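What follows is a set of notes on a single structure, which appears directly below.
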Amino acid sequence: MALGLLLGNLVPGLNTALEAVKVGEVSLPIAVGLLVMMYPVLAKVRYDQTRRVIGDRKLMISSLVINWLLAPAFMFVLAWLFLADLPEYRTGLIIVGLARCIAMVMIWNDLACGDRESAAVLVAINSVFQVVAFGALGWFYLQLLPSWLGLPTTSADFSFWAITLSVLIFLGIPLLAGFLTRTLGEKANGRDWYEGTFLPRLGPWALYGLLFTITLLFALQGGTIAARPLDVARIALPLLVYFVVVFGAGMVIGKWLDLGYAKTTTLAFTAAGNNFELAIAVAIGTFGVTSEQALAGVVGPLIEVPALVALVYAALWARKRFFTPATASF
Numbered sequence: 017m018a019l020g021l022l023l024g025n026l027v028p029g030l031n032t033a034l035e036a037v038k039v040g041e042v043s044l045p046i047a048v049g050l051l052v053m054m055y056p057v058l059a060k061v062r063y064d065q066t067r068r069v070i071g072d073r074k075l076m077i078s079s080l081v082i083n084w085l086l087a088p089a090f091m092f093v094l095a096w097l098f099l100a101d102l103p104e105y106r107t108g109l110i111i112v113g114l115a116r117c118i119a120m121v122m123i124w125n126d127l128a129c130g131d132r133e134s135a136a137v138l139v140a141i142n143s144v145f146q147v148v149a150f151g152a153l154g155w156f157y158l159q160l161l162p163s164w165l166g167l168p169t170t171s172a173d174f175s176f177w178a179i180t181l182s183v184l185i186f187l188g189i190p191l192l193a194g195f196l197t198r199t200l201g202e203k204a205n206g207r208d209w210y211e212g213t214f215l216p217r218l219g220p221w222a223l224y225g226l227l228f229t230i231t232l233l234f235a236l237q238g239g240t241i242a243a244r245p246l247d248v249a250r251i252a253l254p255l256l257v258y259f260v261v262v263f264g265a266g267m268v269i270g271k272w273l274d275l276g277y278a279k280t281t282t283l284a285f286t287a288a289g290n291n292f293e294l295a296i297a298v299a300i301g302t303f304g305v306t307s308e309q310a311l312a313g314v315v316g317p318l319i320e321v322p323a324l325v326a327l328v329y330a331a332l333w334a335r336k337r338f339f340t341p342a343t344a345s346f
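Numbering-wise, the sequence shown is residues 17 to 346 according to this note's numbering.
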């Protein structure tokens, strides 16, 4: 993060160079970093065990309720509580709340020793709902609900194809690659070789991709962040509250449902994470690249990265404190 901010402020023309080629609305180097980050994690998933996850009704239902009912509603409340006098930032924050995480959450879940198979299934479900429900929820939270409450409304036209393209690229490509890698690798050399020899060599690339992506994200927006520190602070506070409360709620609900540590952690991280790449792309496509709505999305990773790294440690602490060894296995 620090390196990215320095590069963004000290290297002339870096922003323009990074934005020169795009995949959808995302800079090509950042898109490459996301794919490199996602592929090793999805190659670790045991796809023959996903049926077990789908059959867990408690996990499926609780994830859908938190991701698509509670979390967006909570972000709506936070946006109005903290940014009532800043409608553009408020709109950007609400859009962030609608963009459920389909990429970086896999890394946080893996670092916290969550259930990989559950994460893959929940992310896939979030992707389907994202394509189907994003536009309708945007209309509900930006126009219908505010009008019911007597609040100002915001007109926004979300591109169905932009959302679909984001899901296909940032989840579809690494998911297909991970599935084929495991299927063909196990078929050729067996599971023992695949998990004992191949994955240890492939695994570190997920962290390389994460560090590369974070550096470029902050380099791309370094100048904007440095130029508006007070605005960044105003946007950062509700985001920080959101991450902590939603993650905590996910952990409490998972513990209450007796899901065990691994699935509880996965539930919490898939609920707390957001797809900032999509939120930024939607804000840019709807309101413009220099809009304050887009800046609200840009601030997201600035807060998400340190917050969710801290929550990884919080999850590992909770495993020792609140979960028995039997339920902590993964």
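C-beta atoms are modelled at their ideal positions from N, C-alpha and C, and glycine is treated no differently.
These numbers come from a predicted model, not from an experiment.
Asked: Touching by the beta-carbon criterion (3+ pairs, under 8 Å), the region 85–94 and the region 108–119; Found: yes
Asked: Nearest to Val273 (by Cα), restricted to the options Glu202, Lys74, Gly49 and Glu308; Found: The question names Val, but residue 273 is Leu in the sequence shown. Ranking the options by Cα distance to Leu273, first place goes to Lys74.
Asked: Ser345 burial status per 10 Å Cβ neighbour count (16 or more: buried); Found: In this prediction, Ser345 has a pLDDT of 42, which is less than 50 and means its spatial position is unreliable; what the coordinates show is noted afterwards. Under this definition Ser345 is an exposed residue.
Asked: Beta-carbon gap between Leu227 and Ile319 smaller than 8 Å; Found: no
Asked: Whether Trp84 touches Ala149 by CB criterion (8 Å); Found: yes
Asked: Phe346 (DSSP reduced to helix, strand or coil); Found: Below a pLDDT of 50, predicted positions are generally treated as unreliable, and Phe346, at 42, falls in that range; the measurement from the model is reported next regardless. Residue state, collapsed to three classes: coil.
Asked: Beta-carbon proximity of Val52 to Tyr224, cut-off 8 Å; Found: yes
Asked: C-alpha distance - Trp124 paired with Leu44, whole-angstrom precision; Found: 23 Å
Asked: Runs of alpha helix (DSSP H) lying entirely within the region 197–275, each at least 4 residues, in chain order; Found: 215–218, 220–243 and 245–272
Asked: Check whether Gly206 and Asn25 have beta carbons under 8 Å apart; Found: no
Asked: Helix, strand or coil at Val325 [DSSP, three-state]; Found: helix
Asked: Reduced DSSP category for Ser134 - H, G, I as helix; E, B as strand; rest coil; Found: helix
Asked: Bridge-paired residues (DSSP) for Asn83; Found: DSSP, once it has assigned bridges, lists no residue as partnering Asn83.
Asked: For Leu215 and Ala47, the rounded distance between their alpha carbons; Found: 23 Å
Asked: 7 Å Cβ shell around Val139 - same chain, five flanking residues per side excluded; Found: Ile118, Val121, Met122, Leu187 and Thr286
Asked: Residue from Phe259, Ala284, Leu253 and Tyr258 with nearest C-alpha to Val268; Found: Ala284
Asked: Residues near Gln159 by beta carbon distance below 6 Å, same chain, minus five either side; Found: Thr169
Asked: Thr170, enclosing alpha helix (DSSP H) - first and last residue; Found: Thr170 -> no alpha helix (DSSP H), and no H or E assigned at all.
Asked: For Thr280 and Met76, the rounded distance between their alpha carbons; Found: 12 Å
Asked: Exposure of Trp333, with buried meaning 16 or more beta-carbon neighbours within 10 Å; Found: exposed
Asked: Coil, strand or helix - Ser43 by DSSP; Found: strand
Asked: Pair within 8 Å by beta-carbon distance, Val137 and Thr66; Found: yes
Asked: Local Cβ density within 10 Å of Ile296, reported as buried at 16 or more and exposed below that; Found: buried
Asked: Supposed close pair Leu19, Thr199 - CB separation, criterion 8 Å; Found: Actually they do not touch by this definition, with Cβ atoms about 37 Å apart.
Asked: C-alpha distance - Leu86 paired with Lys203, whole-angstrom precision; Found: 42 Å
Asked: One or two residues paired with Arg67 in a DSSP bridge; Found: Answer by DSSP bridge pairing: none, since Arg67 is not bridged.
Asked: Ala249 versus Ala310 - alpha carbon distance; Found: 15 Å
Asked: Three-state secondary structure assigned by DSSP to Asn291; Found: coil
Asked: Strand pairing of Lys38, partner residues [DSSP]; Found: Ser43
Asked: Minimum Cβ-Cβ distance from Met122 to chain C less than 8 Å; Found: Structure shown: chain C not included; a single protein chain is present.
Asked: Three-state secondary structure (DSSP) of Arg116; Found: strand
Asked: Residue range of the alpha helix (DSSP H) that includes Ala18; Found: Ala18 to Leu26
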